[in-house]
Amino acid sequence: MSDVPDVLGGDVVALLGEAVEARFGLVLPELARRVQAAPEASPAATHLVHWYGLLAQAQEVLEKAEDALVAALETAVGEGLDDPVMDLAQQVNTAVELRDARAATVRFLLEAPVEQTRSRPRPVPRVSTTLPAAAPAQPARIRGALR
Numbered sequence: 001m002s003d004v005p006d007v008l009g010g011d012v013v014a015l016l017g018e019a020v021e022a023r024f025g026l027v028l029p030e031l032a033r034r035v036q037a038a039p040e041a042s043p044a045a046t047h048l049v050h051w052y053g054l055l056a057q058a059q060e061v062l063e064k065a066e067d068a069l070v071a072a073l074e075t076a077v078g079e080g081l082d083d084p085v086m087d088l089a090q091q092v093n094t095a096v097e098l099r100d101a102r103a104a105t106v107r108f109l110l111e112a113p114v115e116q117t118r119s120r121p122r123p124v125p126r127v128s129t130t131l132p133a134a135a136p137a138q139p140a141r142i143r144g145a146l147r
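First residue of the sequence shown? That's 1 in the numbering used here, and the numbers climb one at a time after it.
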């Protein structure tokens with residue numbers, strides 16, 4: 001057995017889930033309940049639970065797209081693939097990209113120090129929305145010109 005995880009089999013979601021659980025010392029359902037009860041208590045946990053949920057949804061969408069593609073391929077006739085089957089293949093590719101992007105976000109949040117996972121940005125001083133009055137244009141002065 002290889003030490004390399006089978007990310008093609010959807011294990012990326014399980015591996016990241018285990019990493020989230022290890023970071024906070026709680027199983028995901030319990031962590032999600034605590035985040036729901038007090039989201040401000042730990043911005044890092046709130047962000048991770050949110051993005052892990054998006055990752056799990058993306059994995060479900062991917063699995064459904066793969067199932068539809070496999071079903072279409074089983075009924076395909078001939079060597080060439082028709083447009084509906086190619087559309088399903090594109091849906092699978094899009095779902096993989098979405099899942100991978102969300103997995104990258106979860107990995108980033110797992111590696112980020114707690115200070116970088118703030119839920120709200122620091123207040124920024126207000127900038128005036130009024131513009132200064134335009135100064136009247138001065139005529140160009142030409143040196144050596146007669147008046």
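Here a beta-carbon is modelled for each residue, glycine too, at the ideal position from N, C-alpha and C.
Buried or exposed by the 16-neighbour rule on C-beta atoms within 10 Å, applied to residue i
i	result
A45	buried
A95	buried
A38	exposed
Q59	buried
A77	Reading off the sequence shown, one finds Val at residue 77, where the question assumed Ala. Classification for V77: exposed.
A137	exposed
A22	exposed
Where residue i sits in the DSSP three-state scheme
i	result
R102	helix
R107	helix
G53	helix
Q90	helix
G17	helix
L26	coil
V77	coil
R33	helix
P43	helix
A112	coil
Q59	helix
A38	coil
A71	helix
D83	helix
A137	coil
Whole-angstrom C-beta distance between residue j and residue i, which should lie under 8 Å
i	j	result
A71	P84	In fact, because the Cβ distance is near 11 Å, the residues do not count as touching under 8 Å.
Beta carbon of residue i nearer than 9 Å to that of residue j
i	j	result
V61	V20	no
Q36	A68	no
A103	V12	yes
A41	R33	no
Quick check: the stretch 96 to 107 against the stretch 44 to 61, are at least 3 beta-carbon pairs closer than 8 Å?
yes
Could you tell me whether the stretch 20 to 31 touches the stretch 75 to 94, where touching means 3 or more Cβ pairs closer than 8 Å?
no
Given 8 Å as the limit, is there contact between the stretch 9 to 23 and the stretch 105 to 112, that is, 3 or more CB pairs closer than that?
yes
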